[in-house]
Structures are given as structure tokens and as C-alpha cells.
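Shown next, in C-alpha cells, is the structure this report addresses.
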Amino acid sequence: MTNTFKQLLETKDVLLADGATGTNLFAMGLQSGDAPELWNVDEPKKIMALYQGSVDAGSDLFLTNSFGGTAARLKLHDAQGRVRELNRTAAELGREVADKAERKVAVAGSVGPTGEIFEPVGDMSHALAVEMFHEQADALKEGGADVLWLETISAPEEFRAAAEAFKLADMPWCGTMSFDTAGRTMMGVTSSDLAQLVEEFDNAPLAFGANCGTGASDILRTVLGFAAQGTERPIISKGNAGIPKYVDGHIHYDGTPELMGEYAVMARNAGAKIIGGCCGTMPDHLRHMREALDSRPRGDRPALEQIVEVLGPFTSDGDGTGDDANPGGERRSRRRRRA
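Heads up: the sequence shown at position 324 corresponds to 324 in the UniProt record's numbering, and the numbers run straight through without jumps.
See the structure below:
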């Protein structure tokens, strides 16, 4: 295991992460319902091309193709016995791409949710979740990941189980939740809740934040929520490229590369240290984000009205923390013109 990620975090003002995994793989031929993780073995050249696209666009780090790499998720494809193979290979392919780069690039081992509901409401126990996350973490570590990257989590119970597993694996990690329901996760967690949660662990994440959810405006409001807690821990912002729309038989995200460049600058100004894209974010988006971050000076923390003016309206009246001010409703038509 290298410490490239820690070095980048300590030496660079801001880090550019990667973009979408699924959106890019669908463009390469992945079919809906197929397990992307199987491509680590069946289509390794395409997975390396996915990674290389981020590196060529200027990303400082990219996530491995292992989001659904727990036994719980792979069981849906009768591949629960292949956790070690598929995750290790995902990281090994990433390591090969990163090590060929002419600059330092970190490999982040993606770890997504199990897809199960935790006890007492559901059937997933804390112990079983820790076991599953530990199995995946060990495999990503074996493959050469610099850091583990927990993402798209909704429940604090799942966040805690992953943190415990990563400690057992002796791996540094980062963690993000998805705030997609009026500024809260599906299980009701707010930005302030997560900022407090990450400080409870004796193996706290190197960085934390938000990914996926809705569009660029909403995730910036969540980033401002993290910053308002006074955290000194690096904040992650990995937002979708706009809003998904069904066009000509497929899902299209309406965020242009230019809009994502604006988003990247505003995310930095809002307090994010690690900035990337999620669903719909392609290499061209990343190139514009890289250029914007490199060419434009750091500015003041944006007000909600500025976010709406540049990126479009919020999708809900409040951010889940009690502040229900929404300057965006009357400008909805402006957002559509920018798409």
C-alpha cells in the first residue's frame, strides 16, 4: 500500500476526484442489470479505459470499479464467492493505470452500501455488515488501493459498520453519504449529523462529505452545511452532472461541462477540499472542472442566492437542518435554459 492519497491531501490546495462509473460504463456497452464488477475480470481493458479517462482529464484520484463489491450486492449476480477476486482485480487495474501516470494519482477503493436494511427494522446485523465490509476492504488493500472510499451511504448504522471494518483492515478511508431527500439522506441524516458522526470514530475518516443525491446546487448547500459545523476535516463534494432526464430511450444528465466547471469552483469556495462528479459526469466535464479550478482564484463562500443564480434552483425548500429559506423557486425557468 502506498500513501499517495495522504501526500496529495497534505500538499495540494484542492484535489480533483473522478466522475461517474456507471454512466461511463454504460457508454462502453454495459447493460442495465449487469454487475459492473464482473467487468474487472471479463473486460479489464474497458475498466482501465474508465480509469485512464479520469487521469487524462486531470483527476488527482479515481475510484475503483467495486461499488457493489460486498457479498450482499454480488449475491444478486450469484457472485458472492468472488468478493476477493473482483475487488482485488479492481484495485490492481487501478494501480497499473495510476503507476503509469506522469504525476501522482491516488487509487481509491470504492465501497458502496450493502443494499440491506439494518436491524431492528431489517435483517442486516452490525456484525455481518462488518464482516462483509472487512472482506471487501482486505481485497482492495491487497490489490493496492491507497485509500478506501465509502460512498452513497444513507444510514449511520452502515457508516459505523464500515468504519469498524476499515479499522480491522488497517486502511485509511474517506466516507460520503447521499443527501437526496430535502437535504437529508434516505434514512434522515443531515449534513450536521454526518459532521458530528465522523468525529465519534477512533479511526476517523481522512475526509468526509456528500456524493450523488440530486444536482449541483443541492450538494453545495450540503457542503455549506458541513462547513457551518466548523469541521477541520477535509470535505468531499462529488455531485451529479445536473438532473437526469429520459431522452431518446436513455437517461441523460443535463449538466453541461461548463456548468460543472462553475460547480467545481463554487464547491471549493464553499469549503470542499476534494471535488469530483457522480452520475452523468464524463471526462469532458472533468476537464472543464480541472481547468476552472486551476485558472480561477479562490473566492468568498457563496451565498445560497449565488448558487441558484449560477447553477440553478434547489429541488427542495430546505436543507434538512431547519433553515427553510429557498431563493431558487422563482428562477426555475433559468435553470432549464442553462441545461
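Backbone N, C-alpha and C define an ideal beta-carbon position, used for all residues, glycine too.
When rounded, the separation of the alpha-carbon atoms in I117 and R296 is 44 Å. A distance of 8 Å or more separates the beta carbons of G209 and V189. Cβ contact annotation for S192 (same chain, cutoff 7 Å, sequence separation greater than five): G225, Q229, T321, in chain order. Distance between M171 and V265, taken at the CA atoms: about 30 Å. Per DSSP, reduced to three states, the secondary structure at M28 is coil, with no helix or strand assignment. Sorting A267, D138, L76 by C-alpha distance to the C-alpha of E92 places D138 at the top. Bridge partners of N211 according to DSSP: K238.
Remark: C-beta atoms of L150 and C174 approach each other more closely than 8 Å. Contact between P283 and G33 fails: their C-beta atoms lie close to 25 Å from each other, not under 8 Å.
Residue environment for K141: buried (at least 16 other C-beta atoms within 10 angstroms of its C-beta). A Cβ-Cβ contact shorter than 8 Å links P113 with S154. If you ignore the 5 residues before and after A162, its C-beta comes within less than 6 Å of the C-beta of F133, L150, all in its own chain and listed in chain order. Of the candidates I243, G280, E291, D18, I243 places its Cα closest to the Cα of P313.
R184 carries a strand assignment under DSSP once its states are collapsed to helix, strand and coil.
DSSP assignment within the region 258–295 yields the following whole alpha helix (DSSP H) runs of 4 residues or more, N-terminal first: 283–295. Residue pairing for Y253: DSSP places it in a beta bridge opposite P244. Residue burial annotation: D300 is exposed, with fewer than 16 other C-beta atoms found within 10 angstroms of its C-beta.
Put simply, the region 98–110 touches the region 2–13. At least three CB pairs are less than 8 Å apart. Residues L8, L15, L16 of the same chain have their beta carbon placed closer than 6 Å to that of D60, with the five preceding and five following residues left out of the count. A distance below 6 Å between beta-carbons, with the five flanking residues on each side excluded, links D202 to no residue of its chain. The beta carbons of A20 and G68 sit about 14 Å from each other, so the pair does not count as a contact at 8 Å. Between the C-alpha atoms of E258 and A127 there is a straight-line separation of about 45 Å. A direct Cα-Cα distance of roughly 31 Å separates S66 from S316. Excluding residues up to 5 positions away in sequence, P244 lie with their Cβ nearer than 7 Å to the Cβ of I251 in the same chain. In this structure, I235 and A272 form a Cβ contact; the two beta carbons are roughly 5 Å apart against a cut-off of 8 Å. Look at T89 here: in three-state DSSP terms it is helix. G261 and N269 have their alpha carbons spaced roughly 13 Å apart. The DSSP-derived three-state label of F201 is coil. Taking 8 Å as the cut-off, the Cβ atoms of S217 and V308 count as close. Closest in C-alpha terms to E85, from the list G22, L38, Y263, A98, comes L38.
Taking all protein chains shown into account, V121 has fewer than 16 neighbouring C-beta atoms within 10 Å of its C-beta and is therefore exposed.
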